[in-house]
Amino acid sequence: MKKILFFNAKLTMSFVFLLAFLFQGHPEAIAQKGTLPFRDDFDQDNLRKNWHAYNSWSVADGIALNQVQGTGGTLLTKAHFDAPSYVIETVAKGFTNSYWREFRLLFGQTSIKSDSAYVLSYTPNSGGRLTLGRATDNILYPEVLDEVAVHPDLEAGTWCKFKIARHKSGLIQVFLDNGHGYSPTPLLEAIDTTYPQLGHFGWREDTQTGSENFYVDWIGARLPFLDKPAIKEKPLSDDMITQVTASSGAAYKVAKLQTGVTMYTDRAYTITSVPANLKGASFVQTANDDKANAADAFLTMYLRKEAIVYIAYDPRGQQLPAWLAGWHKTGDTLGTTDPGSRYLEVYSKAVGYGQLYPEPFTLGGNLASPAAGAAMNYLVLAIEKPKTILLEAENALLSGAVVASNHQNYSGTGFVDFIHPTGDFIQWTATVDVPGAYTLGIRYTHNGEELSRPVSLTVDSAAVTTYPFGGTYSWENWATYNGPVIYLSKGTHTIRATAQGASGPNMDYLSLSYAAAAPPLPSVSDVLAVKTIRIPVGLQEKATMAYPNPFGESTTIAYELTEKMPVNLIVYNSQGQKVSVLVNEVQSIGKYNVTFKAGTLQNGLYIYQLKTGNKLQVGKLLKQ
Numbered sequence: 004m005k006k007i008l009f010f011n012a013k014l015t016m017s018f019v020f021l022l023a024f025l026f027q028g029h030p031e032a033i034a035q036k037g038t039l040p041f042r043d044d045f046d047q048d049n050l051r052k053n054w055h056a057y058n059s060w061s062v063a064d065g066i067a068l069n070q071v072q073g074t075g076g077t078l079l080t081k082a083h084f085d086a087p088s089y090v091i092e093t094v095a096k097g098f099t100n101s102y103w104r105e106f107r108l109l110f111g112q113t114s115i116k117s118d119s120a121y122v123l124s125y126t127p128n129s130g131g132r133l134t135l136g137r138a139t140d141n142i143l144y145p146e147v148l149d150e151v152a153v154h155p156d157l158e159a160g161t162w163c164k165f166k167i168a169r170h171k172s173g174l175i176q177v178f179l180d181n182g183h184g185y186s187p188t189p190l191l192e193a194i195d196t197t198y199p200q201l202g203h204f205g206w207r208e209d210t211q212t213g214s215e216n217f218y219v220d221w222i223g224a225r226l227p228f229l230d231k232p233a234i235k236e237k238p239l240s241d242d243m244i245t246q247v248t249a250s251s252g253a254a255y256k257v258a259k260l261q262t263g264v265t266m267y268t269d270r271a272y273t274i275t276s277v278p279a280n281l282k283g284a285s286f287v288q289t290a291n292d293d294k295a296n297a298a299d300a301f302l303t304m305y306l307r308k309e310a311i312v313y314i315a316y317d318p319r320g321q322q323l324p325a326w327l328a329g330w331h332k333t334g335d336t337l338g339t340t341d342p343g344s345r346y347l348e349v350y351s352k353a354v355g356y357g358q359l360y361p362e363p364f365t366l367g368g369n370l371a372s373p374a375a376g377a378a379m380n381y382l383v384l385a386i387e388k389p390k391t392i393l394l395e396a397e398n399a400l401l402s403g404a405v406v407a408s409n410h411q412n413y414s415g416t417g418f419v420d421f422i423h424p425t426g427d428f429i430q431w432t433a434t435v436d437v438p439g440a441y442t443l444g445i446r447y448t449h450n451g452e453e454l455s456r457p458v459s460l461t462v463d464s465a466a467v468t469t470y471p472f473g474g475t476y477s478w479e480n481w482a483t484y485n486g487p488v489i490y491l492s493k494g495t496h497t498i499r500a501t502a503q504g505a506s507g508p509n510m511d512y513l514s515l516s517y518a519a520a521a522p523p524l525p526s527v528s529d530v531l532a533v534k535t536i537r538i539p540v541g542l543q544e545k546a547t548m549a550y551p552n553p554f555g556e557s558t559t560i561a562y563e564l565t566e567k568m569p570v571n572l573i574v575y576n577s578q579g580q581k582v583s584v585l586v587n588e589v590q591s592i593g594k595y596n597v598t599f600k601a602g603t604l605q606n607g608l609y610i611y612q613l614k615t616g617n618k619l620q621v622g623k624l625l626k627q
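Here our numbering runs 3 ahead of the position in the sequence shown, where the first position is 1.
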């Protein structure tokens with residue numbers, strides 16, 4: 004009996020497939036009451052009775068064509084389909100980003116005039132974002148269920164095939180074939196039961212200005228071969244790094260950084276030590292077989308948040324690749340079990356909005372020009388950019404100054420009023436988890452009775468600047484002074500604001516905003532006026548000597564190390580441009596004399612920056 008039932012089921016399924024094949028391109032021959040399968044190849048000279056077509060839809064040479072100028076270019080089925088499980092497939096092209104165009108594939112629409120539907124949206128003008136959404140009152144702004152960056156996969160001249168599978172369990176899966184076939188893993192996926200039927204479905208195109216051609220070769224819907232439960236099949240994305248691809252085609256994965264985790268996808272080597280601020284960071288497990296890759300653009304990923312990206316690079320590299328040259332060498336290392344080198348050196352860079360999702364973030368190959376010497380592939384790490392640290396003045400340590408609340412518009416529970424002309428101070432304690440350059444800001448008010456109320460600022464007892472704090476013309480008008488950029492190491496720092504002769508302004512709070520990974524380079528005027536050189540806080544000067552100075556063809560920079568440590572010695576010109584990297588390696592205890600050869604360089608002022616471990620010194624060189 005079971006065999007007979009199985010045989011009948013096979014006959015029934017075969018009959019359905021036969022009907023679908025016989026009536027492809029002729030949906031009206033089956034029924035116009037919303038039955039599946041449905042398919043239109045647009046092989047007639049008009050859109051016939053199957054469609055509600057708005058704004059410039061027509062048929063030419065077996066293709067539906069739209070030249071919408073404005074919004075609402077909709078091609079929607081007249082029939083309403085009751086099927087709770089279905090597969091929609093369609094082929095289209097013309098996905099240009101000209102004129103701020105937007106493309107949508109609608110399904111589950113409850114009625115022709117309703118704005119309730121599922122929406123697959125492609126918006127090339129926002130970086131190439133493909134979004135699966137649910138619209139309840141506005142097709143143009145659906146609630147996002149899932150999204151992915153596909154830039155530049157959808158191009159104006161390429162036919163792309165879309166497949167949407169929706170099951171009565173609520174599982175929705177979206178697949179894309181742009182010439183390479185469907186991936187077995189869905190590109191987009193969600194579980195949602197808001198619209199339980201296929202309803203009306205079709206394309207919609209919108210643009211803000213002029214028209215360009217958009218083509219639909221065919222569109223159809225059928226029953227799924229297998230109804231799936233509400234279980235997602237798409238792997239969970241990392242919260243920071245997603246969609247990692249290497250031009251080599253090798254497998255690259257994203258994991259969380261901790262000791263004991265595997266460092267490569269093609270080796271069993273593991274991580275043995277991690278800097279405290281990088282524990283739990285998202286990191287890309289690269290393929291060590293790609294260590295000899297020399298491409299300028301090799302590794303592509305997408306960053307979901309404002310991030311600090313770190314590169315862990317082979318310390319045996321005598322020269323860095325050009326794409327890594329502008330990164331900050333932190334002095335941190337990542338321990339490994341790789342026998343070639345038991346550690347990797349860490350470089351960092353802050354990444355802003357221009358390189359965030361859905362824009363791709365691209366890195367070069369391990370041995371991209373002019374790199375030399377690295378014998379193991381680099382790793383990529385990323386952490387979220389630190390939030391601004393906000394410290395209320397009324398909660399700080401006060402001397403002479405007092406807490407007040409007699410003026411409006413302050414934050415917190417009050418503000419601080421300087422009482423005496425000189426010596427009163429506010430001292431904040433700031434805990435920094437991520438080392439880097441921070442912008443120091445103070446919110447203040449001053450009614451303008453005096454021209455200025457100068458206040459000196461120190462960090463960890465080191466003078467940073469004195470600012471006049473001019474008038475805001477009312478005690479209720481608060482202004483923000485975005486002061487100097489200071490380098491703060493990981494740990495606790497004290498920041499003090501002290502009145503200098505005119506009783507400082509009312510101060511509301513101190514803010515520390517992450518600005519960059521590297522310490523700020525002292526300006527030429529800072530170097531010439533030695534008393535105003537801002538040595539990054541947490542780093543200390545160590546005596547060095549440059550001789551001869553002034554010099555002609557060359558000069559020697561001498562320094563001494565009291566322990567083994569990383570050393571970085573760079574020379575800049577008066578415009579702040581790097582002209583020579585003299586040292587970039589770990590050196591042992593001893594005295595060093597490094598020659599700066601400047602025979603081909605123009606006469607003038609040059610600046611050297613010497614970093615030894617966590618100490619920094621800058622100085623001037625004059626070529627005559």
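From the three backbone atoms N, C-alpha and C, an ideal C-beta is built for every residue, glycine too. Being a predicted model, the structure only gives us computed values, none of them experimental.
Quick check: residue i and residue j, are their CB atoms within less than 8 Å of each other?
{"i": "L39", "j": "Y89", "result": "yes"}
{"i": "M243", "j": "E387", "result": "yes"}
{"i": "D64", "j": "W221", "result": "no"}
{"i": "F554", "j": "V574", "result": "no"}
{"i": "E215", "j": "Y125", "result": "no"}
{"i": "V435", "j": "H496", "result": "yes"}
{"i": "F421", "j": "R499", "result": "no"}
Please state the DSSP three-state secondary structure of residue i.
{"i": "L281", "result": "helix"}
{"i": "A23", "result": "Note that A23 scores a pLDDT of 41, beneath 50, so its modelled location is shaky and nothing firm can be said."}
{"i": "W162", "result": "coil"}
{"i": "N380", "result": "coil"}
{"i": "P438", "result": "coil"}
{"i": "W478", "result": "coil"}
{"i": "P508", "result": "coil"}
{"i": "D292", "result": "helix"}
{"i": "V530", "result": "Note on V530: pLDDT 42, under 50, position unreliable in the model; the coordinate value appears next. If DSSP states are grouped into helix, strand and coil, V530 belongs with the helices."}
{"i": "Q321", "result": "coil"}
{"i": "G357", "result": "helix"}
{"i": "N369", "result": "coil"}
{"i": "E105", "result": "strand"}
{"i": "P127", "result": "helix"}
{"i": "E31", "result": "Note that E31 scores a pLDDT of 37, beneath 50, so its modelled location is shaky; the value from the coordinates is reported in the next line. Three-state result, E31: helix."}
{"i": "E146", "result": "strand"}
{"i": "A3", "result": "What is shown of the chain runs 4 to 627, which leaves residue 3 out entirely."}
{"i": "G607", "result": "strand"}
Which same chain residues end up closer than 6 Å to residue i when comparing Cβ atoms and leaving out the 5 residues on each side of it in sequence?
{"i": "A233", "result": "S172, G173, L174 and I194"}
{"i": "T74", "result": "D209"}
{"i": "Y313", "result": "V349, S351 and L384"}
{"i": "F217", "result": "N69, G97 and E208"}
{"i": "L359", "result": "L306"}
{"i": "R537", "result": "Residue placement at R537 is poorly supported in this model, since its pLDDT is 36, which falls under 50; the coordinates still yield a value, given next. So no residue of the chain qualifies."}
{"i": "D156", "result": "N181"}
{"i": "T99", "result": "A159 and E215"}
{"i": "A56", "result": "L50 and L78"}
{"i": "S276", "result": "G338"}
Going by DSSP, what residues sit across from residue i in a beta bridge?
{"i": "H331", "result": "S351"}
{"i": "S88", "result": "None; S88 has no bridge partner."}
{"i": "W221", "result": "V94"}
{"i": "S516", "result": "T442"}
{"i": "M548", "result": "A561"}
{"i": "L50", "result": "DSSP output for L50 lists no bridge partner at all."}
{"i": "P569", "result": "V589"}
{"i": "R270", "result": "In the DSSP output, where bridge partners are listed per residue, R270 has none listed."}
My guess is that residue i and residue j are in contact by the Cβ rule of under 8 Å, so how many angstroms apart are they, rounded?
{"i": "N571", "j": "K332", "result": "6 Å"}
{"i": "T289", "j": "Y255", "result": "6 Å"}
{"i": "T391", "j": "S514", "result": "5 Å"}
{"i": "R319", "j": "A377", "result": "6 Å"}
{"i": "A82", "j": "G37", "result": "4 Å"}
{"i": "P3", "j": "G403", "result": "Residue 3 cannot be examined here, being either before or after the span of the chain that is shown, 4 to 627."}
{"i": "G426", "j": "A502", "result": "6 Å"}
{"i": "D511", "j": "Y447", "result": "7 Å"}
Ignore the nearest five residues each way along the sequence and tell me which others in residue i's own chain have a CB closer than 8 Å to its CB.
{"i": "V153", "result": "Y125, G131, R132, L133, L179 and L190"}
{"i": "E146", "result": "G136, R137, A138 and T139"}
{"i": "N398", "result": "G415"}
Excluding the 5 residues flanking residue i on each side, which residues of the same chain have their C-beta closer than 7 Å to its C-beta?
{"i": "A300", "result": "T365 and G367"}
{"i": "G494", "result": "V435"}
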